[in-house]
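Chains as they are written, first to last, in this note's numbering: chain A, 1 to 510; chain B, 1001 to 1404; chain C, 2001 to 2426; chain D, 3001 to 3330.
Quick reminder that beta carbons are idealized off the backbone N, C-alpha and C, glycines included.
All remarks here apply to the structure that follows.
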Amino acid sequence: MTESAPPAVELRGITKRFPGVVANKDIELRVARGEVHAIVGENGAGKSTLMKTLYGMHRPDEGQILLDGREVVFKSPGDAIAAGVGMVHQHFMLADNLTVLENVVLGAEKAHGIGAAARRRITEISESYALGLEPDDLVEDLGVGDRQRVEIAKVLYRGATTLILDEPTAVLVPQEVDELFGNLAELKREGLTVIFISHKLDEVRKVADSITVIRRGTTVGTADPRTTTAKQLAEMMVGAELPTPETRTSTVRDTPVLELRGVTVAGQGARPAVDDVTLTVREGEVVGIAGVEGNGQAELVDAIMGLRPLAAGTVVLGTDDITAWTTRTRRERGIGFIPEDRHRQGMLLDAPLWENRVLGHQTEAPNARGLFIDRKAARADTERIMREYDVRAPGPDTLAVALSGGNQQKLIVGREMSAKPRLLIAAHPTRGVDVGAQSVIWELLKDARAEGLGIVLISADLDELIGLSDTLQVMLRGAVVATLDPGAVTPEQLGGYMTGAVAGTTAGAA
Amino acid sequence: MSVLRRTGQALLAPLLAVVIALVISGAVMAAIGVDPLRALSVMTDFGETPSQQVTAIVVVLNRAVPLFLAGLAVAVAFRMGLFNIGVEGQYRMATVVAAGVGASVSLPGPLHVLLIIVVAMGMAAIWAGIVGVLKVTRGVSEVISSIMLNFIALGLASFLLTGPLRGSEPGASIVTTKEIPESGWFPSLNGVFGALGLADPPRQLYGFLLVAVVVGVVVAVLLKRTRFGFDLRATGLSASAASASGVDAKRMVITTMLISGAIAGLIGLPDLLGADHNYGTQFTSGLGFLGIAIALLGRNNPIGIAVAAVLFAFLDRASVPLQIANIPSSVVTIIQGTIVLAVVIANEVARRIARRQAESGTAVAPPAAGDGSSGEPDAGPPSGPALSNASGATGRTDPMGSAS
Amino acid sequence: MSTATTAGTTAPSRGPVTELFLGGGRGRRLTWILVGLLLLVSAVRVISGQQALTSSSTMAATLLLAVPLLLAALGGLFAERAGVVNIGLDGMMILGTWGAGFAGYQWGWQGAVLGGILMGALGGLLHAVATVTFGVDHVISGVAINILAAGVVRFLSESIYVDNPAGGGVTQSPAMSSRPPTFSLPVLSSGPDLLGKLENLHWFLLSDLAGVLRGFTNGVGVLTVVAVLMVPGAYLLLWRTAFGLRVRSCGENPAAADSLGVPVYRLKYIAVVISGSLAGLGGVFLVFIANIYREGQTNGRGFIGLAALIFGNWRPGGLAAGAGLFGFADALQLRSRTGVVALLLLVAILLLAVAVVQGARGKITQAVTAAAFAAASLVGYIVIDELPEGIVSFTPHLTTLLVLSLASQRLRMPKADGLVYRRGEH
Amino acid sequence: SDEDTSGSGGSASSGGSEDGPKIGLAYDTGGRGDKSFNDSAYAGVEAAIEANGGSVQEVSPNSDASDRADLLTQLADQGFNPIIAVGFAYGDVIGDVAQQYPDVDFAIVDSTGVDVADNVTGLQFAANQGSFLGGVAAATKSETGHVGFVGGVETPLIQAFEAGFVAGAQTVKPDIIIDRQYISPAGDFSGFNDPARGQIVAQGMFDAGADIVYAAAGGSGIGVFQAAAASGGRAIGVDSDQYETVGDASLQAVIMTSVLKRVDNAVEAYIGTFVDGSVEGGTDVVNDLSTEGVGLSYSGGFIDDIQSTIDDYTQQIVDGEITVPETPTD
Ligand SMILES: Nc1ncnc2c1ncn2[C@@H]1O[C@H](COP(=O)(O)OP(=O)(O)OP(=O)(O)O)[C@@H](O)[C@H]1O
Ligand SMILES: Nc1ncnc2c1ncn2[C@@H]1O[C@H](COP(=O)(O)OP(=O)(O)OP(=O)(O)O)[C@@H](O)[C@H]1O
Ligand SMILES: [Mg+2]
Ligand SMILES: [Mg+2]
């Protein structure tokens, strides 16, 4: 970090406009060689846009990009790759139906072909950075963590010297995050430069050498992670206090809203995806389900929602055995649903907001009148939700796709809450949502809980899980392996249970 | 002001399409030494006498009615992401069976017609239902099964016609079913011309036009206003989101195919009930495929489909006067092809222009500014996202199929 | 795939017989399936006395009927692997027939090949321009191309062939000025024709095998040879080369490919143009049979090719099997109405096997359904002598549909197939 | 209306005098250039114009042939008279149109004018008689005692060809083997336009031992000729003298004869009666062996040696000693 050496990456006065939006305005960024540089900012602040510019995915309307002091112009990612810049996208850029090898060598076939030489090279990379990749695995069979390592392998395979990671930790458990940070440290030692985006400010402070804060498309300043607190960072980002998910006063009542008895869901192979799960959610209780992604949480949610047939067991809502009910009936009778993947299950991206407000509540007031949809009432109610839940969009006729992820999520939360559910299934309710929106969503969940709502909370964010839950259930290979008291467990301990490092007990159950 | 701009943008695409189609067709005609203007005047010349003009209109409308129904049948399925390429076979089966049943019963007028309509809709719905059932229970792609069922319908109709339902004399050169008695005919609308003070044309304007209009309105209301229509469109936009919202995807596939098929069953009836009164070897085929083009042209929207059907019918009629004016009638087919292409290309171009306009117009910070105008350009989806989904669903064995 | 993995994990508990049939990977399994089928068909032939089932004549016809479908399906493979749904295959095939006819009467069969490929490629190019550059929905564009192609060839014939001294007319071209060469295996299927002699003995299995072999080796046209070689060729190109990987990545996740510097648009263009060329080549094949271009000659074969592609799970071997099955059923129905009835016996036996297997697996409903259909087929076989033309005509289509519904395999299309890809918006 | 704007289409003979008939000619699908009955009809019109003056306007139906009625209507509206509809497919619509234009004379090829309208004349052909002779020729010339019949589409019209062919062949050789196969069922007209299937069907017959195959299959017939050429067999053409029209020397060598349907003669004669003013509507003109409306062609000289046999049977049919069936028996 000598003063004289030019920065590895320097962005000067970058401006990028999209139709109707200025995503980046006059951005300045300096990243020194061999450092881990974090970029933080609200949802929609323009972080991804900036990184896409640096990676040649689009060209800036104004401004310059300098690498090691020399100005470069990238016409395509190919140019960026050639200049040693690699990027791991927020949404993985992987072809599911191709193998790890094919995904890695794609576009870089010149280096080692697509055959044995390439396989050797990938194994080499995988071993030296402990990525643990099998070249011939189909990507669709891999979990999130592995997918991310494939992404990293892709970049390393191309000999990148500057690595961009867009929200790499959003979907990882602490152990995986630690592994990732271990990998980053390894990269740093090799002299690679890492730029990474995250909403988890503690994490940022832990791993970054320096931080740039972006607000509303423009740089508001840089911060030193050693001297800046998370609170200060958050204030720079939004001018608001850093929220915490803490809820310590218990509101748990006696009446159960949901009982799962021996719920089993068939899996792909011989092993069931959900294995004999029994648990109870009471009124006013948040039951957190912890688990590394792919351990049956998604299937469990599907089973509760009636989206997947049960191989065995019963689901009881209140006093009703709902095992044979359709998804629609379940929703009508008081189950709210915030799905894990809002683009896939929560929204009609190409439909206007008011239709998205109707979605999932087609048969309920104020959306429906008899067999007809009440368009007027639905529009009006959408406007109410937008107001009450601070959904920032031009109006109820805006297409959902035009909203940022956080705003989409707030609309979903508002929609589900509006139906006054008895039970809420919330899968990753704040994933990829900025701190401001996060606190709004947390507050909403807390308020609803206080009013007697039972909540099943699934989250990869362990702080959120521990902070919000009254009871924690840990899932491993489809089965509940531990029931924990969130008041007495640290994220690290929890991570141990999730990965199976600590054997399952019912430690300090409430 | 903004209303003006909005209507301007809404009209931009169709206008552009017309211009593109005219330019391309004009170029083609010029290339073969035909004066495009003369061709245009021949095409739009509906004759000198009032009777000829009204006849021309009748010819166009009579042709448009089945095309409209075909487009509608395809569009309903398209809207939920199903590609019903099997309309062809559906209406063929419907028509032959309805003709057979219609000829073998005697009922008072309206009941007789009603029976024929119900039989036709039912038969086609069953034929389309097979596609739906195979898709949800066996995971068979609707594209492949409906292509196959088209051929099967062709053979089966031929078997029925030449076997059990044969009504024509052994020597007759056209094999037909028995003629439907007069109580089963659909009265023509020619009385309307008299009422309007127009000449009574020698050709009968199909009374089935009214049925088509009613069906069009019902479909429009069904799709736009009802809960069912919402579920249907939601499934088309995102099958996964729809099922998470409580739509029973399997049932939806079957119901939609049944509705699409039932509409397809009507396609052959204008001719059957209004003119031929029997089904024969010369019965008009190919309407199912044209229906796909019509649906696409009309952007899966009943009004658009009506316009598209009339346009195609108009072009079809023009092929005769073109030949008489010594202009190759294949020009018409080329125009039809270019128009379909032009419309969709125009939609794209118009969308881009609108975006660019918005871009230069609004240059302020993130979309937080909620003044309503900045988001406008996105409000008009290009050719209907349902379409890209429809093709996306082509042959996909989705989770529904795997559950069994 | 899933069966392969289960087989792998349960390997130790398997007896030597199972090992013989199911071990040794895909190649061995395929061989056994083929052998089994031949045995079955052979048995049915002997029982029913329908020599047409495995005669070399039927096999040659199968080949003739299957090759155009195969070429169209291969065309579809390239387009759809690159993410472009090509419902315009039929239109491109029509253009190919016209091009072949036009070039063929002037420059002989080599000219016809070029002419057909060129015209088909033009159709593909148009599809690429519409779908890739303009982002037009693939189905729309394909349908438009089908309509357009029919108009264009009629129009071209009208302007070129009417009053052309070389002959031809609105609906047909003059005859080709030379014929493509054909090949036969010396000694075995020509000259002494040993296979032919063996076939005529009507021995169980041996004669059937001879019939099949002779059908595939006697008087086979150049294009047939080329088309058959294209099946492994397409596999090698798409799965074993960098180009193929890139093409497939465009069909699976174009955004990912783009982010790695793969020129997605260019590749889609190339793939769709190849697709059109192959469909056009299918058209050339049809022209070679007739020696002229004739309007309506394709007769919907492009659509069947598309079906074969889906049937074959977007894989070269699979689509070849689909085209072959269709071609066989079609050949049989064209050759012999009574032969088709024998198929009922075949179906009955197959369904009975399905019933037994399903029953053993404890899937009672499936087993009963299969058994019921087996019984119905058997009754049909016994009762029916000859089917009416209308019914016979759809044998191949019904067969395809039945096999698909029975196999109920998990077909998997390329993930981004049919989705319009727009890079950013700028 | 005949400005000279394009070289194609009906302007060819519009040089005819103003005072001759303005003939409207509505083709069947395929239109002019089909080397078959559309062309034959045109040849008849041409000859008639040669003789009587006048002009012709040709029209063809659209792709799904849904506009046949409109074709006739517009021709009538434009003042064409007489109007000749080529092909039985017009049988469905010609009655309605003709009744609306009682002053125009209509003729329809291959269908009936009886009980249709007073101003419609049917120009019919005893195709079964011609085919009978074809059967005679095939049976006489066959060395293997095995012949074949390939029908395009299983319509009554083509079935009449089959019936005549079978009767003729069996009359000569009662124990002859006759393979019979259609390419597509009734209502599916692809069988007239699929040479590949024609080839495959015929090849099957040749492989099975047939040496002469009769192709009553429209455009698919060329496939039959190909099969004949490939197997060293022979074929019989249909409608027009296909030896002359096939335009391919190697195929000429296998076209032993063609069963002619003299549409040209019938059309020319009809126009003649029109000019004379002796048209009788509501009737059929049957063109059979007695009027030489059907017969065999001798181009290529393949059947010159059996001409006396053919003539003999012709005479028997004309004399009514042999009645040729119109529908096939199994
Ligand atoms: N292709 C695009 N077209 C139009 N607008 C876009 C496009 N990409 C991004 N935007 C807009 O630009 C702004 C910045 O988006 P960007 O993705 O850079 O935000 P971000 O900081 O990465 O947000 P997040 O934290 O949610 O990932 C947003 O308002 C977004 O709507
Ligand atoms: N074509 C587009 N048109 C309009 N807006 C777009 C377009 N593409 C992307 N955007 C906007 O850009 C934003 C950034 O896109 P990105 O893919 O990074 O999602 P995101 O906002 O981070 O969502 P999430 O938090 O769910 O990951 C999105 O919120 C979306 O609203
Ligand atoms: Mg982002
Ligand atoms: Mg985000």
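For chain B, find out if any of its Cβ atoms is closer than 9 Å to the Cβ of residue i; answer yes or no.
{"i": "G516 of chain A", "result": "The structure shown does not extend to residue 516 of chain A, since chain A is modelled only from 1 to 510, so the question has no answer here."}
{"i": "S2377 of chain C", "result": "no"}
{"i": "P2388 of chain C", "result": "yes"}
{"i": "V292 of chain A", "result": "no"}
Quick one: is residue i near chain C, going by C-beta distance under 9 Å?
{"i": "P1328 of chain B", "result": "yes"}
{"i": "I25 of chain A", "result": "For the sequence presented, residue 25 of chain A should be read as Lys rather than Ile. Output row for K25 of chain A: interface = no."}
CB residue i to CB residue j, shorter than 9 Å?
{"i": "E2389 of chain C", "j": "A3186 of chain D", "result": "yes"}
{"i": "A2271 of chain C", "j": "G2302 of chain C", "result": "no"}
{"i": "A2256 of chain C", "j": "L156 of chain A", "result": "no"}
{"i": "N1150 of chain B", "j": "E1048 of chain B", "result": "no"}
Beta-carbon of residue i versus every beta-carbon of chain A: anything under 9 Å?
{"i": "L1114 of chain B", "result": "no"}
{"i": "G1139 of chain B", "result": "no"}
{"i": "R2241 of chain C", "result": "Contrary to the premise, residue 2241 of chain C reads as Thr rather than Arg in this sequence. It does: the Cβ of T2241 of chain C has a partner Cβ on chain A nearer than 9 Å."}
{"i": "A1013 of chain B", "result": "no"}
{"i": "A1247 of chain B", "result": "This sequence places Val at residue 1247 of chain B; Ala is not what is there. So, interface residue."}
{"i": "G2261 of chain C", "result": "yes"}
Could you check if residue i is buried or exposed, using at least 16 other CB atoms within 10 Å of its CB as the buried criterion?
{"i": "A1249 of chain B", "result": "buried"}
{"i": "K16 of chain A", "result": "buried"}
{"i": "P2316 of chain C", "result": "buried"}
{"i": "K52 of chain A", "result": "buried"}
{"i": "Q3315 of chain D", "result": "exposed"}
{"i": "G2305 of chain C", "result": "buried"}
Could you give the DSSP three-state label for residue i: helix, strand or coil?
{"i": "Y3090 of chain D", "result": "helix"}
{"i": "G3320 of chain D", "result": "coil"}
{"i": "L468 of chain A", "result": "helix"}
{"i": "I3236 of chain D", "result": "strand"}
{"i": "S2173 of chain C", "result": "coil"}
{"i": "R91 of chain A", "result": "First, the amino acid is wrong: residue 91 of chain A is His here, not Arg. Coil, per DSSP."}
{"i": "S1260 of chain B", "result": "helix"}
Ends of the beta strand (DSSP E) at residue i?
{"i": "T280 of chain A", "result": "274 to 282"}
{"i": "I211 of chain A", "result": "210 to 215"}
{"i": "S3184 of chain D", "result": "3177 to 3184"}
{"i": "R357 of chain A", "result": "No beta strand (DSSP E) contains R357 of chain A, which is instead part of the alpha helix (DSSP H) from 353 to 358."}
What residue range is occupied by the uninterrupted alpha helix (DSSP H) comprising residue i?
{"i": "T3171 of chain D", "result": "3156 to 3172"}
{"i": "L1205 of chain B", "result": "Per DSSP, L1205 of chain B belongs to no alpha helix (DSSP H) and is neither H nor E."}
{"i": "D381 of chain A", "result": "375 to 388"}
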